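Those letters in the sequence shown? Residues 1 to 770, per full-length UniProt numbering, in order. All residues carry an ideal CB built from backbone N, CA and C; glycine is no exception. This structure is a prediction, so every number in the text was calculated from the model and none was measured.
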Amino acid sequence: MSNSRYRPVPHSDGQLGRPVERPGYSNQDKMSSSSQGTTMKVMNSPGTDCALTNCAYVSPSDLPRFVLRQGLSSGLGLVGNSMVLTILASEVIQPGAIGLNAIHRRNVKVSANDSVTVVRFVPPERGFNLVLLTVELEFVKFRGKPEQLDAQILAKELQKRFAGQVLTVGQKVTFEYVGTNYTFCVNQTLLEGNSGNDDSTRGILTSETHFMFETPGNSGIKMLNQSGGSSTNLFKSKDFNFQKLGIGGLDNEFQDIFRRAFASRVFPPHVISKLGIPHVKGMLLWGPPGTGKTLIARQIGKMLNGREPKIVNGPEILSKFVGETEKNVRDLFADAEKDQREHGDGSELHIIIFDEIDAICKARGSTRDGTGVHDSIVNQLLTKIDGVESLNNILLIGMTNRKDMLDEALLRPGRLEVQIEIGLPDEKGRVQILNIHSNKMKQNSFLSENVNLEELAARTKNFSGAELEGLVKSAVSFALNRQVNFDDLNQSLDEDNIKVTMDDFLHALQEVKPAFGAAISSLEMCRLNGMLDCGPRHKRIQETGMALTEQVKTSERTPLLSCLIEGPSGSGKTALAATIAIDSDFPFIKIVSAESMVGLTESTKCGIIGKIFEDAYKSPLSIIILDDIERIIEFVNIGPRFSNLILQTLLVLIKRVPPKGRKLLVIGTTSMRSVMESMDVVSAFNVAVHVPMLNHEDIKKVLAGLNVFAPRDVDSALAVLDEEMPIKKLLTLVEMSAQGKSGEGAEAVYAGKEKIDISRFVDCYNDLAS
């Protein structure tokens with residue numbers, strides 16, 4: 001500085017940055033001196049040179065109030081209870097005033113001619129020296145010309161220039177370096193020992209203080225030769241609170257994304273170059289619709305400093321003009337190429353987000369449109385990501401729910417190498433998502449106290465994030481509907497009485513169903529008469545099925561189990577399978593039957609069956625019922641004829657182990673065991689159980705359960721029946737007998753008001769037998 005009169009004088013005994021020893025000062029002295037402040041009028045700094053010293057200035061007559069002991073030419077003052085400044089004397093400053101530069105006034109939130117309280121500050125005797133200082137560096141005024149600064153040289157200059165000053169977290173300091181004015185903001189401090197110091201947010205800068213520089217991504221400053229830490233502040237916040245970002249249930253996925261894609265980017269380029277590895281250039285987020293893939297990509301863009309991500313919807317990149325589509329792909333990478341040519345390893349990160357990437361990156365050769373455009377897009381994309389002149393400053397994020405459609409060359413290392421499945425949220429994740437979507441209601445007192453989000457999370461198995469949002473919207477619609485007077489829609493609404501209750505959520509559960517949920521309604525159709533007590537043999541089969549479901553649920557050694565239920569036609573095999581599935585309480589249950597695939601080609605049927613198994617792998621616990629396998633594979637006795645394509649598909653899928661963390665129980669039913677044995681179907685199942693026809697003892701139990709005969713008529717009914725009988729035939733016979741000659745009276749019989757006439761029962765049996 002040109003004017004020595006304004007040069008900062010260190011408050012030490014001959015050594016910069018070393019706190020003075022203060023014999024005679026006790027903690028009580030410190031407290032009393034800190035609590036007695038002086039109200040002073042704010043003025044501008046005496047001159048431009050003084051403004052760059054980070055010191056405050058008072059008149060010579062006021063300086064003694066702030067010196068620590070006689071003989072020192074500088075003092076310390078806590079200004080506005082905000083920051084501690086070194087105080088120097090200046091003839092320009094009036095008595096009772098203090099000169100602060102513009103940055104100081106902004107920190108303290110005062111203007112010139114305002115008043116501010118200044119308290120003499122006495123540093124702690126020990127543990128107040130700064131060991132590490134993390135600062136964020138910026139231009140005072142960025143003129144568009146980037147600068148590269150050597151971190152080691154700049155740190156030594158700042159140690160020399162500001163040694164002996166007290167710096168506080170959040171404080172901004174202005175300084176001049178090589179003809180350019182900069183500011184640094186103190187982000188973090190580390191003090192030696194921290195012993196006896198209750199305030200760890202400030203400390204004295206010494207010649208031993210180590211600087212760690214951070215720069216915002218758009219600051220135009222690149223730090224070189226930094227010994228550790230990050231050269232740029234890649235993320236806007238170091239506190240990754242995903243719920244504040246509106247993301248729930250994806251904590252583990254976010255940790256994987258950070259570890260694979262961003263961990264290497266927070267280190268300085270020279271550290272990564274020493275490791276000899278390039279950054280990850282692409283990742284693929286895949287999973288069922290509505291699980292948050294697009295939301296993750298969108299929030300990654302919000303979390304990062306610097307350039308806004310380029311978001312591309314797959315079909316938008318296509319063009320009808322020859323060569324225009326490939327040019328659109330090249331244009332996406334133009335900015336990254338220019339940045340890498342100019343700044344090399346110091347280039348900013350460029351993020352390109354492809355939504356529905358399967359629309360443009362299908363496997364080469366799979367489309368037959370005659371233009372070859374899709375193949376050209378894949379070729380162009382591969383060249384840009386990992387070609388001869390590949391870029392190291394890009395991150396390509398692709399999203400799809402059809403990973404199987406992508407070209408396999410895109411998925412190898414060096415391209416979209418990080419492939420993260422965004423699956424259905426677990427119960428903890430569902431609680432987070434419900435909290436996110438109901439948070440504003442709770443803050444504004446619209447959410448009733450009886451709403452139990454943990455109970456709702458337990459009830460919403462296999463709900464995706466989007467479906468949980470739909471559930472909350474549906475519950476709100478019920479609450480709003482209560483406040484509407486349909487007789488007078490112009491009537492003013494009572495906004496204060498809007499309450500979303502637990503009953504609203506329970507009604508919404510009846511309305512919003514998960515796409516990957518249990519098909520309970522179709523299963524109930526398989527047992528219209530409920531599950532009757534058919535005797536110990538049938539009960540044992542049901543117990544075996546429930547034991548298998550429990551084994552799948554609890555055992556880590558058997559993620560896949562399969563059970564074949566075989567027996568005569570009409571013996572209740574489908575009803576047994578449906579009962580086992582419903583009682584299992586598994587979140588995903590699907591039934592595959594021939595009736596849902598009537599008229600479809602073999603390849604289409606295989607696609608449908610494969611899709612059901614793929615959907616099952618997305619749920620932690622799943623059951624698939626293959627009902628009437630002989631009908632599914634199109635078997636007929638004449639010929640014989642069957643579809644080998646469908647048969648081979650089933651044999652492969654029945655034995656295929658689900659992915660890690662997923663468990664599956666496959667239940668098959670058939671009335672042709674001998675045929676299934678000849679086709680190796682029986683051996684493909686882990687367990688095969690036989691469902692017998694009902695004997696007289698079983699029939700007696702069924703009739704007792706139905707309670708449709710008078711006790712004296714039960715034995716008479718048994719006397720006319722065969723020794724063995726399928727339960728389906730028995731129930732049909734009972735239904736015919738209950739109808740009566742006029743076609744009335746069945747409801748009365750089943751309600752217990754009337755009983756079936758035994759003669760009518762015999763007549764119906766003879767009709768069926770004939």
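Taking only the alpha-carbon atoms, compute the straight-line gap between residue i and residue j and give it to the nearest angstrom.
{"i": "N113", "j": "G71", "result": "31 Å"}
{"i": "T117", "j": "E125", "result": "24 Å"}
{"i": "S200", "j": "I87", "result": "22 Å"}
{"i": "R259", "j": "P216", "result": "21 Å"}
{"i": "R202", "j": "F128", "result": "8 Å"}
{"i": "K729", "j": "S477", "result": "48 Å"}
{"i": "P620", "j": "G661", "result": "6 Å"}
{"i": "I756", "j": "A710", "result": "8 Å"}
{"i": "D29", "j": "L434", "result": "With a pLDDT of only 35 at D29, under the threshold of 50, the placement of this residue in the model should not be trusted; the figure read from the coordinates follows. C-alpha separation (whole angstroms): 55 Å."}
{"i": "V108", "j": "R298", "result": "37 Å"}
{"i": "V484", "j": "E469", "result": "23 Å"}
{"i": "L651", "j": "R527", "result": "27 Å"}
{"i": "E176", "j": "Y182", "result": "6 Å"}
{"i": "I247", "j": "P309", "result": "19 Å"}
{"i": "L68", "j": "V140", "result": "33 Å"}
{"i": "L295", "j": "I351", "result": "15 Å"}
{"i": "K701", "j": "A769", "result": "22 Å"}
{"i": "N225", "j": "F333", "result": "29 Å"}
{"i": "H696", "j": "V762", "result": "16 Å"}
{"i": "T209", "j": "V135", "result": "12 Å"}
{"i": "K384", "j": "G144", "result": "28 Å"}
{"i": "P658", "j": "E614", "result": "9 Å"}
{"i": "E467", "j": "R430", "result": "10 Å"}
{"i": "F354", "j": "I632", "result": "39 Å"}
{"i": "G229", "j": "D386", "result": "Because G229 sits at a pLDDT of 46, beneath the cut-off of 50, its placement in the model cannot be relied upon, and the following sentence gives the value as read from the coordinates. So the alpha carbons of these two residues sit roughly 28 Å apart."}
{"i": "V378", "j": "G610", "result": "27 Å"}
Let me make sure I understand the geometry here. Which of the options has the alpha-carbon closest to that of residue i?
{"i": "L694", "options": "L703, S683, A688, T574", "result": "L703"}
{"i": "L731", "options": "E556, D628, D533", "result": "D533"}
{"i": "residue 772", "options": "I667, V271, N637, K293", "result": "Here the chain comprises residues numbered 1 to 770, so residue 772 is not present and cannot be evaluated."}
{"i": "R341", "options": "L391, E324, V762", "result": "L391"}
{"i": "G465", "options": "G249, E602, K499", "result": "G249"}
{"i": "W286", "options": "N766, L647, I420, T554", "result": "I420"}
{"i": "R410", "options": "N497, I360, A457", "result": "In the sequence as presented, Arg is not what sits at residue 410; that position holds Leu. Ranking the options by Cα distance to L410, first place goes to I360."}
{"i": "I317", "options": "H350, Q432, L381, L284", "result": "L381"}
{"i": "F586", "options": "A89, Q551, T604, G607", "result": "Q551"}
{"i": "P278", "options": "G414, I646, A475, E455", "result": "G414"}
{"i": "S683", "options": "F486, L564, Q739", "result": "L564"}
{"i": "G517", "options": "K302, T460, G75", "result": "T460"}
Which whole-angstrom value is the C-beta distance of residue i and residue j, which I expect to be below 8 Å?
{"i": "N462", "j": "L424", "result": "6 Å"}
{"i": "L523", "j": "A581", "result": "6 Å"}
{"i": "A261", "j": "L395", "result": "6 Å"}
{"i": "I93", "j": "P64", "result": "Going by Cβ atoms, the distance from I93 to P64 rounds to 14 Å, so no, they are not a contact pair."}
{"i": "V512", "j": "L453", "result": "The Cβ separation is near 16 Å, so there is no contact."}
{"i": "N328", "j": "S319", "result": "6 Å"}
{"i": "F211", "j": "A163", "result": "At roughly 12 Å, the Cβ-Cβ gap does not stay under 8 Å, so F211 and A163 are not in contact."}
Is it the case that the Cβ atoms of residue i and residue j are separated by a distance below 7 Å?
{"i": "D722", "j": "G535", "result": "no"}
{"i": "P726", "j": "R537", "result": "no"}
{"i": "S643", "j": "E630", "result": "no"}
{"i": "E348", "j": "R307", "result": "yes"}
{"i": "I357", "j": "G398", "result": "yes"}
{"i": "E566", "j": "T670", "result": "yes"}
{"i": "T574", "j": "V689", "result": "no"}
{"i": "S593", "j": "T549", "result": "no"}
{"i": "E138", "j": "S219", "result": "yes"}
{"i": "F121", "j": "G80", "result": "no"}
{"i": "L149", "j": "M223", "result": "yes"}
{"i": "residue 772", "j": "L733", "result": "Given a span of 1 to 770 for the chain in the structure shown, any question on residue 772 remains unanswerable."}
{"i": "S115", "j": "T39", "result": "yes"}
{"i": "D713", "j": "I654", "result": "no"}
{"i": "V186", "j": "V166", "result": "no"}
{"i": "P60", "j": "A97", "result": "no"}
{"i": "A213", "j": "A151", "result": "Here residue 213 turns out to be Phe, not Ala, going by the sequence shown. In contact: F213 and A151 (Cβ atoms closer than 7 Å)."}
Q. Which ranges would you report for the beta strand (DSSP E) in the UniProt domain "AAA+ ATPase" (559–680) if only whole runs of at least 3 residues count?
A. 560–566, 588–592, 621–626, 663–670
Q: Pick out the complete alpha helix (DSSP H) segments inside the region 102–133, 4 residues or longer, and give them in chain order.
A: 102–108
(Q) Extract the residue ranges of the beta strand (DSSP E) inside the region 427–477, only unbroken runs of 3 or more that lie entirely within it. (A) none
Q: List in chain order: all unbroken beta strand (DSSP E) runs of 3+ residues lying wholly within the UniProt domain "AAA+ ATPase" (279–426).
A: 282–286, 310–313, 350–355, 394–400, 418–421
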